[in-house]
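Enquirer: Chains as they are written, first to last, in the working numbering: chain A, 1 to 320; chain B, 321 to 567.
For glycine and all other residues, C-beta sits at the position ideal for the given N, C-alpha and C.
Let me give you the structure first, and then I'll get to my questions.
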Amino acid sequence: MSVLIFIDINEEGAVKKTSLEVLTYGARLAQQLGVPAEGLVLAPVKEELAALGKYGVQTIHQVQNEALAHFDAQVYTKAIAQVAEKTGATVILFSNNTDGKALAPRLSARLKAGLVSGAVALPETANGFIVKKSVFSGKAFADIKIATPVKIITLNPNSFTIEAGTGTATVAPVEVTVDAPKVKTVSVNRQSSEVPLAEAERVVSGGRGMKGPENWGILEDLAKALNAALACSRPVADAHWRPHNEHVGQTGGAIAPNLYLAVGISGAIQHLAGVNRSKVIVVINKDPEAPFFKAADYGIVGDLFEVVPKLTEAIKQLKG
Amino acid sequence: MKILVCISKTPDTTAKIAFTDNNTKFDAAGVQWIINPNDEYYALVRAIELKEADPAAVIHLINVGGADSDAIIRKALALGGDEAIRVNAENLDSFGIASQIAQIAKENNYDLVFLGKETIDYNGSSVGGMVAELLDLPYISLATKFELNGTTATVTREIEGGEEVCEVALPVVVSCNKGMAEQRIPNMRGIMAARTKPLKVVEPAASDALTEVAAFSLPPAKAGVKLVDADNVQELVRLLHEEAKVV
């Protein structure tokens with residue numbers, strides 16, 4: 001019996017921040033269950049894996065296999081299933097990030113292991129195994145009971161605080177037998193300098209009130225001052241003012257940053273659905289009746305073209 | 321080319337979220353049902369575009385649900401599906417739904433299985449990956465672009481902070497994300513044609529449930545907004561720094 005944590009590696013060979021959250025979560029769960037916490041790395045990695053022990057894992061199983069050089073959910077799933085069986089894992093954890101969303105369901109079907117995706121808290125294990133997840137696009141939670149012997153959970157990004165101690169993990173090489181991937185990676189286009197939206201602790205988001213794509217400079221300046229990622233509302237993405245991957249809301253991305261700063265967004269219910277798990281919401285809108293104010297923690301009623309540059313200056317002053 | 325598009329029935333995006341039966345069931349009173357937007361705008365419309373480029377292509381729709389799904393299935397037929405299959409089963413978990421879809425897919429040898437990246441009610445993002453595994457097919461999740469060149473697909477998928485372009489030979493299962501296609505409104509001709517398109521109802525195959533809902537809950541209400549004067553942005557920064565501690 002053990003908790004097995006899938007450690008997601010980005011194209012540059014670094015451990016994704018969302019995996020550090022899952023490592024912390026997995027270590028806490030293992031403690032709760034009285035079993036070891038173990039990590040699993042499949043992709044080529046440049047970091048010192050033993051150092052991940054500081055998040056509370058005792059062992060890291062490392063597979064080095066040419067077939068796993070690029071991501072193919074089918075091949076990765078077979079590899080994870082083999083390691084899970086070899087190590088006797090009873091709980092398998094992923095981040096609910098792009099790779100986790102591809103792998104966890106496949107593994108669930110392969111192992112006939114119950115899956116809860118988008119968990120927001122540690123499971124209740126005193127009586128059965130019940131996991132709280134976000135549903136209705138953040139408008140509600142569901143407690144899901146998993147009754148199968150092996151259980152799979154994907155953890156929503158920004159739902160669990162990373163905690164680092166001082167431990168060192170043992171890195172154990174492990175062999176798997178997998179076929180060559182059927183999915184061929186042609187190119188990867190990633191802005192490694194930018195904070196990925198789903199992982200961002202702070203997000204600055206613009207809506208129709210911005211009046212046009214040419215006005216985004218003031219939001220970019222504010223985002224830079226705050227070290228924040230940029231997002232936008234659906235009308236903005238639909239009008240091609242901003243790329244689709246910045247769209248947050250019911251049919252776009254769902255995010256849960258510590259700070260969500262909405263500029264010129266009225267706050268339609270579909271937009272709120274994607275952002276209402278944010279810890280602090282700040283709304284800047286010239287319309288005092290904008291529904292977003294009802295869901296906000298702080299607000300300024302005013303002309304965004306005047307308020308935003310002043311705010312950027314005030315943030316810069318604070319940071320000295 | 322045969323395309324299977326999986327469509328789910330979800331509450332309208334503006335539906336009030338409430339629960340009954342001691343918080344174990346979604347309160348459907350007064351709720352308008354729609355095609356899950358991710359299934360409709362991205363998966364179905366992209367499938368229709370592929371059929372427009374290749375008139376020999378056939379689009380089958382599949383829904384796992386009760387008779388109250390028929391209205392949204394007719395709408396999907398009006399948009400451009402050729403025929404529909406409804407597996408008459410309710411209250412299945414993701415694995416149960418995926419098992420039903422995989423069963424139908426095995427019988428029909430589809431070249432492409434499309435579905436939305438997730439439903440807007442359960443937000444599981446699970447059925448596509450499960451179907452792919454049950455069929456032992458490749459799976460591309462969160463696709464934002466899909467181009468076909470003979471029997472090879474070039475697919476762009478979302479990754480953290482960017483995108484990845486990959487190539488895969490059909491058959492493949494694809495979960496569809498914003499960017500794949502844009503919402504369409506069914507026209508009168510489509511609505512008329514949909515009335516006579518086949519909608520076959522089949523009984524479910526035996527399948528296992530791996531999970532069950534124990535209870536639903538609503539998040540605590542917000543305390544209320546603190547408004548700061550537009551001429552006093554320093555005060556907002558102070559509050560964010562000292563009170564909220566997020567800056």
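Roughly how many angstroms separate the alpha carbons of B/Phe466 and A/Ala81, rounded to a whole number?
Expert: Numbered from its first residue, the second sequence carries residue 466 of chain B at position 146. Numbered from its first residue, the first sequence carries residue 81 of chain A at position 81. So the alpha carbons of these two residues sit roughly 29 Å apart.
Enquirer: The beta strand (DSSP E) spanning A/Leu52 covers which residue range?
Expert: Counted from its first residue, the first sequence places residue 52 of chain A at position 52. Unbroken run through A/Leu52: none, as it is neither H nor E.
Enquirer: Please list, in chain order, the chain B residues whose beta carbon lies closer than 7 Å to that of A/Phe136.
Expert: Taking the first sequence and counting its residues from 1, the one referred to as residue 136 of chain A is at position 136. Correct list: Ile337, Asp441.
Enquirer: Closer than 9 Å by beta-carbon distance: list the chain B residues that pair up with A/Ile144, in chain order.
Expert: The count along the first sequence starts at 1 and reaches residue 144 of chain A at position 144. Residues of chain B passing the Cβ test: Asp413, Thr531, Glu532, Val533, Ala534.
Enquirer: Alpha carbon to alpha carbon, what distance is there between A/Ser159 and B/Ile421?
Expert: Your numbering for residue 421 of chain B matches position 101 in the second sequence. Your numbering for residue 159 of chain A matches position 159 in the first sequence. Between B/Ile421 and A/Ser159, the C-alpha separation is close to 32 Å.
Enquirer: Could you tell me which of A/Asp238, A/Gly249, A/Ser205, A/Gly252 sits nearest to A/Cys232, measuring between CA atoms?
Expert: As a first step, residue 232 of chain A must be located in the first sequence, where it is residue number 232. Taking only the C-alpha atoms, the option nearest A/Cys232 is A/Ser205.
Enquirer: Could you check whether the stretch 107-127 of chain A touches the stretch 527-536 of chain B, counting it as contact only if at least three pairs of C-beta atoms, one from each stretch, sit closer than 8 Å?
Expert: yes
Enquirer: Please give the ranges of any alpha helix (DSSP H) in the stretch 61-113 of chain A, keeping only runs that are unbroken, at least 4 residues long and fully inside the region.
Expert: Counting only runs of 4 or more, we get 73-87, 98-111.
Enquirer: Specify the secondary structure class of B/Ile460 as computed by DSSP and reduced to three states.
Expert: Against the second sequence, residue 460 of chain B aligns to sequence position 140. Reduced to three states, the DSSP call for B/Ile460 is strand.
Enquirer: In the DSSP assignment, what are the bridge partners of A/Gly34?
Expert: Here residue 34 of chain A is taken as the residue at index 34 of the first sequence, counted from 1. Looking at the DSSP assignment, A/Gly34 forms no beta bridge with any residue, so it has no partner.
Enquirer: Run down chain B in chain order and give the residues with a C-beta less than 9 Å from the C-beta of A/Val188.
Expert: Stepping through the first sequence from its first residue, residue 188 of chain A is reached at position 188. Result: Ile479, Gly482, Glu483, Glu484, Val485.
Enquirer: If A/Asp297 sits next to B/Val545, beta carbons under 8 Å apart, how far is it from one beta carbon to the other, in whole angstroms?
Expert: Position 297 of the first sequence, counted from the start, is the residue given in the question as residue 297 of chain A. Position 225 of the second sequence, counted from the start, is the residue given in the question as residue 545 of chain B. The pair is a contact, with the Cβ atoms about 7 Å apart (cut-off 8 Å).
Enquirer: Looking at chain A, which residues of the stretch 438-466 of chain B have a Cβ within less than 9 Å of any of its Cβ atoms?
Expert: Glu438, Ile440, Asp441, Tyr442, Asn443, Gly444, Ser445, Ser446, Val447, Gly448, Gly449, Met450, Val451, Ala452, Glu453, Leu454, Asp456, Leu457, Pro458, Tyr459, Ile460, Ser461, Leu462, Thr464
Enquirer: Going by DSSP, name the residue or residues bridged to A/His247.
Expert: On the first sequence, position 247 is the one that residue 247 of chain A refers to. Bridge partners of A/His247 according to DSSP: A/Cys232.
Enquirer: Does the distance from the C-beta atom of B/Ile382 to that of B/Ile405 stay below 8 Å?
Expert: If you number the second sequence from 1, residue 382 of chain B lands on position 62. If you number the second sequence from 1, residue 405 of chain B lands on position 85. Yes, the pair counts as a contact, with Cβ atoms nearer than the cut-off.
Enquirer: Determine which residues share a DSSP beta bridge with A/Tyr298 and list them.
Expert: Numbered from 1 along the first sequence, position 298 holds the residue referred to as residue 298 of chain A. Its beta-bridge partners are A/Val282, B/Lys546.
Enquirer: Taking the straight line between their C-alpha atoms, what separation do you get for A/Gly264 and A/Arg242?
Expert: As a working note, residue 264 of chain A is residue 264 in the first sequence. As a working note, residue 242 of chain A is residue 242 in the first sequence. Whole-angstrom Cα-Cα distance: 14 Å.
Enquirer: Is there a Cβ from chain D that is less than 8 Å from the Cβ of A/Lys279?
Expert: No chain D appears in this structure, whose protein chains are A and B.
Enquirer: With respect to the beta strand (DSSP E) encompassing B/Glu484, which residues constitute its N-terminal and C-terminal limits?
Expert: Residue 484 of chain B sits at position 164 when you count from the first residue of the second sequence. Counting along the chain, the beta strand (DSSP E) containing B/Glu484 begins and ends at 482-489.
Enquirer: Is any beta-carbon of chain A found at less than 8 Å from that of B/Thr333?
Expert: Locating residue 333 of chain B in the second sequence gives position 13, counting from the first residue. Answer yes: the Cβ-Cβ gap between B/Thr333 and chain A drops below 8 Å somewhere.
Enquirer: Could you give the DSSP three-state label for A/Ile369: helix, strand or coil?
Expert: The requested residue 369 of chain A does not occur in the structure, where chain A is confined to residues 1 to 320.
Enquirer: Given that A/Glu163 touches chain B, what residues does it touch there, using C-beta distances under 8 Å?
Expert: As a first step, residue 163 of chain A must be located in the first sequence, where it is residue number 163. By Cβ distance, chain B contributes nothing, its closest Cβ being about 17 Å from A/Glu163, past 8 Å.
Enquirer: Residues in its own chain within less than 6 Å of A/Thr312 by CB, not counting five upstream and five downstream?
Expert: Taking the first sequence and counting its residues from 1, the one referred to as residue 312 of chain A is at position 312. Contacts found: Asp221, Leu222, Ala225.
Enquirer: Using the beta-carbon count (16 or more within 10 Å), is A/Met1 buried or exposed?
Expert: Position 1 of the first sequence holds residue 1 of chain A. Looking at its Cβ environment, which holds fewer than 16 other Cβ atoms inside 10 Å, A/Met1 is exposed.
Enquirer: Please report how far the alpha carbon of B/Phe536 lies from the alpha carbon of B/Ile354, in whole angstroms.
Expert: Here residue 536 of chain B is taken as the residue at index 216 of the second sequence, counted from 1. Here residue 354 of chain B is taken as the residue at index 34 of the second sequence, counted from 1. Roughly 22 Å separates the two Cα atoms.
Enquirer: Is it buried or exposed, A/Ala147, if we count other Cβ atoms within 10 angstroms and call 16 or more buried?
Expert: On the first sequence, position 147 is the one that residue 147 of chain A refers to. Its Cβ having fewer than 16 others within 10 Å, A/Ala147 is exposed.
Enquirer: For B/Ala422, which three-state DSSP category applies?
Expert: Here residue 422 of chain B refers to the residue found at position 102 of the second sequence. Helix at B/Ala422.
Enquirer: In chain A, what lies closer than 8 Å to B/Pro524 by C-beta?
Expert: The residue given as residue 524 of chain B occupies position 204 in the second sequence. Result: empty, since nearest Cβ-Cβ is about 17 Å, beyond 8 Å.
Enquirer: Since A/Asn276 and A/Ala290 should fall inside the 8 Å C-beta cutoff, what is the C-beta to C-beta distance between them, to a whole number of angstroms?
Expert: Along the first sequence, read from residue 1 onward, the residue named residue 276 of chain A stands at position 276. Along the first sequence, read from residue 1 onward, the residue named residue 290 of chain A stands at position 290. In fact, because the Cβ distance is near 15 Å, the residues do not count as touching under 8 Å.
Enquirer: Give every residue of the same chain whose Cβ lies closer than 7 Å to the Cβ of A/Ser134, excluding the five residues on either side of it in the sequence, and list them in chain order.
Expert: As a first step, residue 134 of chain A must be located in the first sequence, where it is residue number 134. For A/Ser134, where only same-chain residues beyond five positions count, the Cβ hits under 7 Å are Gly118, Val120, Phe141, Asn156, Arg277.
Enquirer: In whole angstroms, what is the alpha-carbon distance linking B/Glu478 and A/Gln31?
Expert: As a first step, residue 478 of chain B must be located in the second sequence, where it is residue number 158. As a first step, residue 31 of chain A must be located in the first sequence, where it is residue number 31. Those two C-alpha atoms are separated by around 34 Å.
Enquirer: Let me see if you follow: with CB-CB separation under 8 Å, is A/Asn258 close to chain B or not?
Expert: Counted from its first residue, the first sequence places residue 258 of chain A at position 258. At a cut-off of 8 Å between beta-carbon atoms, A/Asn258 makes contact with chain B.
Enquirer: Exposed or buried, B/Leu397, counting other C-beta atoms within 10 Å across all chains shown (16 or more means buried)?
Expert: Working through the second sequence from its first residue, we reach residue 397 of chain B at position 77. Buried.
Enquirer: Note down, in chain order, every chain B residue with its Cβ under 7 Å from the Cβ of A/His244.
Expert: The residue you call residue 244 of chain A lines up with position 244 of the first sequence. Those are Thr464, Lys498, Gly499, listed as they occur along chain B.
Enquirer: Keeping to the same chain, check which residues put their C-beta closer than 8 Å to that of B/Thr344; ignore five residues upstream and five downstream.
Expert: Position 24 of the second sequence, counting from 1, holds the residue named residue 344 of chain B. Result list for B/Thr344: Val533, Ala534, Ala535, Phe536, in chain order.
Enquirer: In chain A, which residues lie with their C-beta within 9 Å of the C-beta of B/Asp347?
Expert: If you number the second sequence from 1, residue 347 of chain B lands on position 27. Per Cβ cutoff of 9 Å: no residues; B/Asp347 is ~11 Å from chain A at best.
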